[in-house]
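Trainee: Heads up: the sequence lines are chains A and B, in that order. Residues 2 to 492, numbered by my numbering, are exactly what the first sequence covers, in order. Residues 2 to 492, numbered by my numbering, are exactly what the second sequence covers, in order. Quick reminder that beta carbons are idealized off the backbone N, C-alpha and C, glycines included. Source: prediction; values computed, not measured. Could you have a look at this structure, given as structure tokens, before my questions?
There are 2 protein chains.
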Amino acid sequence: MENGSRNVLKPMDSEQLREYGHRMVDFIADYYKTIESFPVLSQVQPGYLHNLLPDSAPDHPETVEQVLDDVKTKILPGVTHWQSPNFFAYYPSNSSVAGFLGEMLSAGLGIVGFSWVTSPAATELEMIVLDWLAKLLNLPEQFLSKGNGGGVIQGSASEAVLVVMIAARDKVLRSVGKNSLGKLVVYSSEQTHSALQKACQIAGIHPENCRVLKADSSTNYAMRPELLQEAVSRDLEAGLIPFFLCGNVGTTSSTAVDPLGALGKIAKSNDMWFHVDAAYAGSACICPEYRQYIDGVETTDSFNMNAHKWFLTNFDCSLLWVKDQYALTEALSTNPEFLKNKASQADLVVDYKDWQIPLGRRFRSLKLWMVLRLYGAETLKNYIRNHIKLAKDLEQLVSQDPNFEVITPRIFALVCFRMVPTDDNDEKKCNRRNLELLEAVNSSGKLFISHTALSGKIVLRCAIGAPLTEEKHVKETWKVIQEKASYLLPK
Amino acid sequence: MENGSRNVLKPMDSEQLREYGHRMVDFIADYYKTIESFPVLSQVQPGYLHNLLPDSAPDHPETVEQVLDDVKTKILPGVTHWQSPNFFAYYPSNSSVAGFLGEMLSAGLGIVGFSWVTSPAATELEMIVLDWLAKLLNLPEQFLSKGNGGGVIQGSASEAVLVVMIAARDKVLRSVGKNSLGKLVVYSSEQTHSALQKACQIAGIHPENCRVLKADSSTNYAMRPELLQEAVSRDLEAGLIPFFLCGNVGTTSSTAVDPLGALGKIAKSNDMWFHVDAAYAGSACICPEYRQYIDGVETTDSFNMNAHKWFLTNFDCSLLWVKDQYALTEALSTNPEFLKNKASQADLVVDYKDWQIPLGRRFRSLKLWMVLRLYGAETLKNYIRNHIKLAKDLEQLVSQDPNFEVITPRIFALVCFRMVPTDDNDEKKCNRRNLELLEAVNSSGKLFISHTALSGKIVLRCAIGAPLTEEKHVKETWKVIQEKASYLLPK
Numbered sequence: 002m003e004n005g006s007r008n009v010l011k012p013m014d015s016e017q018l019r020e021y022g023h024r025m026v027d028f029i030a031d032y033y034k035t036i037e038s039f040p041v042l043s044q045v046q047p048g049y050l051h052n053l054l055p056d057s058a059p060d061h062p063e064t065v066e067q068v069l070d071d072v073k074t075k076i077l078p079g080v081t082h083w084q085s086p087n088f089f090a091y092y093p094s095n096s097s098v099a100g101f102l103g104e105m106l107s108a109g110l111g112i113v114g115f116s117w118v119t120s121p122a123a124t125e126l127e128m129i130v131l132d133w134l135a136k137l138l139n140l141p142e143q144f145l146s147k148g149n150g151g152g153v154i155q156g157s158a159s160e161a162v163l164v165v166m167i168a169a170r171d172k173v174l175r176s177v178g179k180n181s182l183g184k185l186v187v188y189s190s191e192q193t194h195s196a197l198q199k200a201c202q203i204a205g206i207h208p209e210n211c212r213v214l215k216a217d218s219s220t221n222y223a224m225r226p227e228l229l230q231e232a233v234s235r236d237l238e239a240g241l242i243p244f245f246l247c248g249n250v251g252t253t254s255s256t257a258v259d260p261l262g263a264l265g266k267i268a269k270s271n272d273m274w275f276h277v278d279a280a281y282a283g284s285a286c287i288c289p290e291y292r293q294y295i296d297g298v299e300t301t302d303s304f305n306m307n308a309h310k311w312f313l314t315n316f317d318c319s320l321l322w323v324k325d326q327y328a329l330t331e332a333l334s335t336n337p338e339f340l341k342n343k344a345s346q347a348d349l350v351v352d353y354k355d356w357q358i359p360l361g362r363r364f365r366s367l368k369l370w371m372v373l374r375l376y377g378a379e380t381l382k383n384y385i386r387n388h389i390k391l392a393k394d395l396e397q398l399v400s401q402d403p404n405f406e407v408i409t410p411r412i413f414a415l416v417c418f419r420m421v422p423t424d425d426n427d428e429k430k431c432n433r434r435n436l437e438l439l440e441a442v443n444s445s446g447k448l449f450i451s452h453t454a455l456s457g458k459i460v461l462r463c464a465i466g467a468p469l470t471e472e473k474h475v476k477e478t479w480k481v482i483q484e485k486a487s488y489l490l491p492k
Numbered sequence: 002m003e004n005g006s007r008n009v010l011k012p013m014d015s016e017q018l019r020e021y022g023h024r025m026v027d028f029i030a031d032y033y034k035t036i037e038s039f040p041v042l043s044q045v046q047p048g049y050l051h052n053l054l055p056d057s058a059p060d061h062p063e064t065v066e067q068v069l070d071d072v073k074t075k076i077l078p079g080v081t082h083w084q085s086p087n088f089f090a091y092y093p094s095n096s097s098v099a100g101f102l103g104e105m106l107s108a109g110l111g112i113v114g115f116s117w118v119t120s121p122a123a124t125e126l127e128m129i130v131l132d133w134l135a136k137l138l139n140l141p142e143q144f145l146s147k148g149n150g151g152g153v154i155q156g157s158a159s160e161a162v163l164v165v166m167i168a169a170r171d172k173v174l175r176s177v178g179k180n181s182l183g184k185l186v187v188y189s190s191e192q193t194h195s196a197l198q199k200a201c202q203i204a205g206i207h208p209e210n211c212r213v214l215k216a217d218s219s220t221n222y223a224m225r226p227e228l229l230q231e232a233v234s235r236d237l238e239a240g241l242i243p244f245f246l247c248g249n250v251g252t253t254s255s256t257a258v259d260p261l262g263a264l265g266k267i268a269k270s271n272d273m274w275f276h277v278d279a280a281y282a283g284s285a286c287i288c289p290e291y292r293q294y295i296d297g298v299e300t301t302d303s304f305n306m307n308a309h310k311w312f313l314t315n316f317d318c319s320l321l322w323v324k325d326q327y328a329l330t331e332a333l334s335t336n337p338e339f340l341k342n343k344a345s346q347a348d349l350v351v352d353y354k355d356w357q358i359p360l361g362r363r364f365r366s367l368k369l370w371m372v373l374r375l376y377g378a379e380t381l382k383n384y385i386r387n388h389i390k391l392a393k394d395l396e397q398l399v400s401q402d403p404n405f406e407v408i409t410p411r412i413f414a415l416v417c418f419r420m421v422p423t424d425d426n427d428e429k430k431c432n433r434r435n436l437e438l439l440e441a442v443n444s445s446g447k448l449f450i451s452h453t454a455l456s457g458k459i460v461l462r463c464a465i466g467a468p469l470t471e472e473k474h475v476k477e478t479w480k481v482i483q484e485k486a487s488y489l490l491p492k
């Protein structure tokens, strides 16, 4: 019975995969064709789906048609369209033709590459493409796979900073004793992504030992090395142990760039692990004219960039390079009998399971490899440059409108702006009005931008970086923002 | 230039996605059609790929044809074919037609669902399908999303046990003070997956406080509650704080099932968090006749099953249910300004970012939803039953051959066996011979099995669970094993 009928889906069958795979390709291609017809930010209310779906799984098979119908009528209204050309919120999360093909192939092969032996190509291709990208970024040799260093694909920047923090923690605790955990201190600017706070929570760093250094408009929200030096000195005097510094190239709020070289010097002279989060802006640094923003990277111990943000590689694909792979593997290795194999035991290979939190891992290097090959480095550079140019144009439009101000000088493709305070200069009122503007433009469905706070000011963020975004989308977006603002201005 | 030529791939373009997506579907369908022609375990040598690929990324675009050619000639030889019907190593990692379609759709939509607002459907569908599965497993009500509990998709069982351990750690440290980390004790049987050890390392549990309780053939490698009680009492007397117990339903080595009810009683009376790892065997428990193996689950605090193992859902899809979601969110929440939004601030919604390590997350519930709908619960039960029947048959074949013995009674679809010691009863020699047999069968390319050690004996593991595996594959596998064994037997 089970496989008796032509209409019943088998667990796996090459011809059914072909038939329904083609149908799904068409469904997705049609989605992209019509993507501008959807409200960018989903307009549903909390709990909307509960009433649209049954309370339990069906006993018997339904058809692909039924499911695709439900995707159209029930799921898509609840989707916020990250791939829309009018998605400008947070940071982009690129899907591309090449990245999509890579995801398909990875799902199709269905391997789990925790150890080299479980699919040598998965480990080796990952090493190779991370070397490729390290070279495009002109990272120092120590980050390449031929020595003690190397790159690895993590799921997210959060996992990247967590694994290096664990590595750094265990390295220092091995020398000072594990009961000294309460003395370890972490440093970063207040502009650092919440992923660092989360890593500290997980690693058990005491909250009172997390130094969150002030960064304000005087440095465009970059960390000030003298504040770091002061904090480190104070902690040393108090008998604490500075052990981890997180620098930023392109902060989440406003793309601030910390001065890596100066920070690295302080980190080095205090034996601290220096990690750099370039999750967003790292992509831009493959262009020679933007490479300067990671100058000083040679002083770091680890460097992270998310290919899944602004590098045409579908989520998830967070690239982490370390100079000392053994710091990672000493902290994260396990060696159960059921995973032992000749190649690993003979130490001939890398087993990426010991470079990350999970055991299992998908064949994620395929999509990055396909992006690099199907676009090529020059196209990727021009892709980045085009978004930066569009952002430059928007920055100019904003600065020409007396009702608005650019809050921090644009560096990459994020424009931070707000409606200016009106006559009474009431900052609170101004913040409220900008949040109202945010709500008004996003509930229009025409575009999606997000916000942040800088020095107490509510700031609107327009991050240009979706693969489909063109000049016309940015212009239209600015028109919608101006129009919605006009209703909020005092008459 | 960039988009001028028809042959140049654009970052995103619906018609190019359609054209090349179709080509990739055919490539993957052809792969499944010919999957039995590949050596199951890749036969390449360490470093093989390095010489086959260039040292750096291309400057200019290459074609999809060139890449697919390279996949065929350079990547596939380095792939270990997890989806082959002759893959019996570790545990299965199912890819199915439905799961593959779900992966495609998820990659196509390209959303990042960290907060409800970033795609309400992603959060809500996940809550709904985890409720569906909780009901299929007949989990207690407290694991459903309507109260304080609920389910969440993690990337792996390693992440599942890590997040609940962090939740449990912080919960107890909030009451005893964070300087007591060195007093916290974790309990498990020695058959527990290395993921627990890794979680302990990351969470900073002192290695000498990890109680690894003996489990031997007298209980078929299940944990003995009296050993747990003794260990807990000893630790309490020594002023330590028992806080976390990990039970197993279907251990990695031999599918041992710990007695949940008895263990749960001890956990409860000592205020410990009780987590159950049913990563592999959980799937079987949707069948009424196997539900008994999770009897006592009502005494647990968290329960984990990997839909990406034996439930037709492509990796990664690790299901975690907790009774107290607030224990998770208290440990893992962060609330930066740039992620604030009305729905979250009003506490109207679940934000899964606070239930997991990473911030970003893929739309993984789609594939589980499609598996449940396109196959239906009855088909899924029969899928499991069929593999168990095949394993039963193999168990019988093994037990009928005087040169072999079944090492532990088969419970699910894993058969643990070995060549028996010969006349001199030398266990070392016997172990060596079994490893030689392992090497011989795996290097034949005809099948892939793995091994473990139980009470010092090297044991061969044949885990039946690939979607394409049929009776003929199991029979042929046994023939190959017998044949290879015949060369190793003393004349």
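(1) Given B:L448, which residues of its chain have a CB within under 7 Å of its CB, disregarding the five upstream and five downstream residues?
(2) Just to confirm the assignment: which complete alpha helix (DSSP H) runs, minimum length 4, are found wholly within the segment 415-470 of chain B?
(3) What does A:P243 pair with, by DSSP beta-bridge criteria?
(4) Which residues in the same chain as B:K368 place their Cβ atom closer than 7 Å to its Cβ, once the five residues preceding and following it in sequence are excluded?
(5) Taking Cβ positions, are A:V277 and A:N307 nearer each other than 8 Å?
(6) Which of the three DSSP states, helix, strand or coil, is assigned to B:D278?
(7) By DSSP, does B:Q155 sit in helix, in strand, or in coil?
(8) Looking only at C-alpha atoms, which of A:T252, A:G205 and A:N271 sits nearest to A:D236?
(9) Would the beta-carbon of A:L1 fall within 8 Å of that of B:Y376?
(10) When you compare the CB of A:H1 with every CB in chain B, is at least one pair closer than 8 Å?
(11) Just to make sure I have the definition right: I need the residues of chain B whose C-beta is within less than 9 Å of the C-beta of A:G377. Which are they?
(12) Is the Cβ of A:D236 closer than 8 Å to any Cβ of chain B?
(13) Given B:V407, which residues of its chain have a CB within under 8 Å of its CB, disregarding the five upstream and five downstream residues?
(14) Evaluate B:P491 with the Cβ neighbour count: other Cβ atoms within 10 Å of its Cβ, from every protein chain shown; 16 or more gives buried, anything less gives exposed.
(15) Taking 8 Å as the CB-CB limit, is B:K429 close to chain A?
(16) Sort A:K382, A:Q293, A:D259 and A:T253 by Cα distance to A:V460 and report the nearest one.
(17) Roughly how many whole angstroms lie between the Cα atoms of A:K354 and A:P121?
(18) With a cut-off of 8 Å, does the C-beta of B:H474 fall near any C-beta of chain A?
(19) If you draw a straight line from the C-alpha of A:L140 to the C-alpha of B:L214, how long is it?
(20) In chain A, what lies closer than 7 Å to B:Y33 by C-beta?
(21) Our contact map puts B:L261 next to B:T301 with C-beta atoms below 8 Å; I'd like the distance itself, whole angstroms only.
(22) To the nearest angstrom, how far is it from the Cα of A:V186 to the Cα of A:S234?
(23) Kindly say whether A:K199, judged by its beta-carbon, lies nearer than 8 Å to any beta-carbon of chain B.
(24) Distance check for A:E127 and B:V26, CA to CA, integer angstroms please.
(25) Put B:E63 into one of helix, strand or coil per three-state DSSP.
(26) In chain order, what residues of the same chain have a beta carbon less than 6 Å from the beta carbon of B:Y92, not counting five sequence neighbours either side?
(27) Check each candidate in B:L145, B:S181 and B:A467 and name the one with the smallest Cα separation from B:I206.
(28) With three or more C-beta pairs closer than 8 Å as the rule, is the segment 153-166 of chain A touching the segment 191-201 of chain A?
(29) Got a sec: is the Cβ-Cβ distance from B:S451 to anything in chain A below 8 Å?
(30) Let me see if you follow: with CB-CB separation under 8 Å, is B:I29 close to chain A or not?
(31) Less than 8 Å between the CB atoms is what I'm expecting for A:R19 and A:I154, so what's the real figure, rounded?
(32) Indicate whether at least one CB of chain A lies closer than 8 Å to the CB of B:P47.
(33) Of all the alpha helix (DSSP H) runs that stay within the bounds of the segment 200-267 of chain B, which reach a length of 4 or more residues?
(34) Sorted by chain position, which residues of the same chain lie with C-beta nearer than 7 Å to A:L53's C-beta, five sequence neighbours on each side aside?
(35) Per DSSP, what kind of secondary structure is A:W322 in: helix, strand or coil?
(36) Indicate the three-state DSSP secondary structure (helix, strand or coil) for A:E142 in the structure shown.
Mentor: Judging by the given coordinates:
(1) V41, N87, F89, V442, T478 and V481
(2) 428-444
(3) A:V186
(4) G100, G103, E104, S107, T314, N315 and C318
(5) Contact annotation: A:V277 and A:N307 have beta-carbon atoms that are not nearer than 8 Å.
(6) Strand.
(7) strand
(8) A:N271
(9) Residue coverage of chain A in this structure runs from 2 to 492, which leaves residue 1 of chain A outside it and unanswerable.
(10) Since the first residue shown for chain A is 2 and the last is 492, residue 1 of chain A is missing from the structure and cannot be characterised.
(11) The answer, in chain order, is A58, P59, D60, H61, P62 and E63.
(12) Not a single C-beta of chain B is nearer than 8 Å to the C-beta of A:D236.
(13) E396, V399, S400, V416, C417 and F418
(14) exposed
(15) no
(16) A:T253
(17) Cα to Cα, the separation comes out at about 13 Å.
(18) For B:H474, the answer is no, since every Cβ of chain A falls outside 8 Å of its Cβ.
(19) 47 Å
(20) Within 7 Å Cβ-Cβ: M13, S15 and L18.
(21) With 8 Å as the limit, B:L261 and B:T301 qualify as a contact, their Cβ atoms being about 7 Å apart.
(22) The straight-line gap from Cα to Cα measures roughly 12 Å.
(23) yes
(24) 23 Å
(25) coil
(26) Y281, K310 and A464
(27) B:S181
(28) The segment 191-201 of chain A vs the segment 153-166 of chain A: in contact.
(29) yes
(30) yes
(31) Rounded, the Cβ-Cβ distance is 29 Å, inconsistent with contact.
(32) When Cβ-Cβ separations below 8 Å define contact, B:P47 makes contact with chain A.
(33) With a minimum length of 4 residues, the continuous alpha helix (DSSP H) runs that stay inside the segment 200-267 of chain B are 226-238.
(34) K75
(35) When secondary structure is reduced to three states using DSSP, A:W322 falls in the strand class.
(36) helix
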